[in-house]
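No gaps in the numbering here: position 107 of the sequence shown is 107 in my numbering, and each next residue is one more. Below is one structure, written out as structure tokens; comments come after it.
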Amino acid sequence: MLDGVARKLIDPPLNRAGTMLASRGWQADHVTLAGLGLGLAAAALIWAGLPGIALIPLLASRIADGLDGAVARATAKTDFGGYLDICADFAFYAAIPLAFVLSNPAGNGAAGAFLLACFYINGSTFLGYAILAERAKMQTSSRGAKTLYFTGGLLEGTETIVFFCAICALPHLFNPLAWAFGALCLVTATSRVLLAHHTFRAKDT
Numbered sequence: 001m002l003d004g005v006a007r008k009l010i011d012p013p014l015n016r017a018g019t020m021l022a023s024r025g026w027q028a029d030h031v032t033l034a035g036l037g038l039g040l041a042a043a044a045l046i047w048a049g050l051p052g053i054a055l056i057p058l059l060a061s062r063i064a065d066g067l068d069g070a071v072a073r074a075t076a077k078t079d080f081g082g083y084l085d086i087c088a089d090f091a092f093y094a095a096i097p098l099a100f101v102l103s104n105p106a107g108n109g110a111a112g113a114f115l116l117a118c119f120y121i122n123g124s125t126f127l128g129y130a131i132l133a134e135r136a137k138m139q140t141s142s143r144g145a146k147t148l149y150f151t152g153g154l155l156e157g158t159e160t161i162v163f164f165c166a167i168c169a170l171p172h173l174f175n176p177l178a179w180a181f182g183a184l185c186l187v188t189a190t191s192r193v194l195l196a197h198h199t200f201r202a203k204d205t
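Given below as structure tokens:
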């Protein structure tokens, strides 16, 4: 829901930084992998019982996630780069809740499992829609220039980052926040299925 607004604010400085990195020989894939490494480091710190400290690499990983696209735009966008980016994003989104479960299986297990299941369901509706949008030659730039077609929704990347920051800053609230965020993920997934029904059923008739 907030990605469109966030992109307008962060794209100009990211594009400048991306151009600078590209001029120094960085490739977008390198930035993507660096961002994934930072995200997994954040997950490791959460698992070790240090969620507050994990905020530092977590936020750095999301900056890298924005920078890789900026570097690609300053050099050359590739299909594999887009594929690697979405794989890294999904790995990061899975690693953070899993780390909370591993840090306290008895206390966080049920809420963490529910959250991961909701992420899985929401992610499948996102990727399925992107595949059909590609087949229909649909395009959008409301979430920035992307390799995949990005559909809007109640919860997007910005909201997920805010949620991750909240559970790191307030780990004792992981359970209620995870149950609530997971439920909102299901709302987002349902709305995307309804949107797909409206969009692609119309194209089939």
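We put the CB at the ideal spot given by N, CA and C, even for glycine.
Quick test of your reading: residue i and residue j, contact by CB under 8 Å. State the CB separation rounded to the nearest angstrom.
i: residue 57; j: residue 42; result: 4 Å
i: residue 84; j: residue 61; result: So it is not a contact: roughly 14 Å between Cβ atoms.
i: residue 188; j: residue 122; result: 6 Å
Quick check on residue i: does DSSP put it in helix, strand or coil?
i: residue 49; result: coil
i: residue 137; result: coil
i: residue 156; result: coil
i: residue 9; result: helix
i: residue 184; result: helix
i: residue 104; result: coil
i: residue 170; result: coil
Confirm, please, whether the CB-CB distance from residue j to residue i is below 8 Å.
i: residue 126; j: residue 174; result: no
i: residue 34; j: residue 45; result: no
i: residue 111; j: residue 179; result: yes
i: residue 192; j: residue 120; result: no
i: residue 96; j: residue 181; result: no
i: residue 166; j: residue 177; result: yes
i: residue 74; j: residue 19; result: yes
i: residue 67; j: residue 17; result: yes
Should residue i be labelled buried (16 or more other beta-carbon atoms within 10 Å of its own) or exposed?
i: residue 117; result: exposed
i: residue 103; result: buried
i: residue 13; result: exposed
i: residue 156; result: buried
i: residue 91; result: exposed
i: residue 159; result: buried
i: residue 31; result: buried
i: residue 49; result: exposed
i: residue 81; result: buried
**Study point:** Length at least 4, wholly inside the stretch 25 to 89: the alpha helix (DSSP H) runs in chain order
**Key:** Under the rule that a run must span 4 or more residues, the alpha helix (DSSP H) segments found entirely inside the stretch 25 to 89 read 28 to 47 and 51 to 74.
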